[in-house]
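Participant: The structure follows.
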Amino acid sequence: MDIEEVAKNNPEKIITVKINLSKSIHDQDVKKITQPFDLLGKSEKQASDLIQSIYKLLIEKDANLIEINPLVLTKDNNLLCLDAKINFDDNALYRHPDILSLKDVNEEDPIEAEASKHKLAYIKLDGSIGCLVNGAGLAMATMDIIKLYGKEPANFLDVGGGASKEKVTAAFKIILSDKNVKGILINIFGGILR
């Protein structure tokens, strides 16, 4: 099932339950999630256990996405996860060497892998204006300005504070490797880079 397609064509079929991640997930939160599915007996217990496990994984392993699709109910009333996708916060991987050891660079976007090698925060976007910025907040503001003037940013790229000549050179190479880039906007807060 393509969740984006469901969201577009049948948004009423998507259940949203807000959970305060700074606190534990509560039974009433779990009930809000499972109630629309009319699960009974062991499948209701399995759903509750699954949701509690997902929450625990999210918090303990610094995941920023856990998607189970599809989750099926078998004829004998068991829940079964047929596929799952988990994304972890790259900035928290130092706390999880077990997860980091599973990283397969062949599965990554080559440009994003190159950026990661140089410790650059990089996300490719669909626009034509490349951005080279120091500081995530300034990068977001820079992208907003580009959009305000009717253009689209080609990337989010934060070189961070204290970036070396080599790091800035790598950043330019990464931006210029995108064939859609028609220009580059450099927005550097001078006090941070020395």
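The sequence shown finishes on residue 196 if you use my numbering, and the numbering steps up by one all the way, no holes. All residues carry an ideal CB built from backbone N, CA and C; glycine is no exception. Note that the structure is a prediction, hence the values are computed from the model and not measured.
#1: What does a CB cutoff of less than 6 Å around Glu-69 pick up in its chain, not counting 5 residues either side in sequence?
#2: Can you name the start and end residues of the beta strand (DSSP E) that Leu-23 belongs to?
#3: Using only CA atoms, which one of Pro-38, Gly-129, Val-183 and Glu-7 lies nearest to Lys-149?
#4: Please report the straight-line C-alpha distance between Ile-56 and Cys-83, rounded to a whole angstrom.
#5: What is the DSSP secondary structure of Gly-139, counted as helix, strand or coil?
#6: Is Val-161 helix, strand or coil by DSSP?
#7: To which residues of the same chain is Leu-52 closer than 6 Å at the C-beta, ignoring the five residues directly before and after it?
#8: Hey, out of Phe-90, Glu-154, Glu-46 and Gly-139, whose CA is closest to Asn-182's CA?
Facilitator: So, from the listed chains and residues:
#1: Lys-87, listed in sequence order.
#2: Element bounds for Leu-23: n/a, residue is neither H nor E.
#3: Gly-129
#4: 12 Å
#5: The three-state reading of DSSP puts Gly-139 in helix, counting H, G and I together.
#6: Coil at Val-161, not helix or strand.
#7: none
#8: Answer by Cα proximity: Glu-154.
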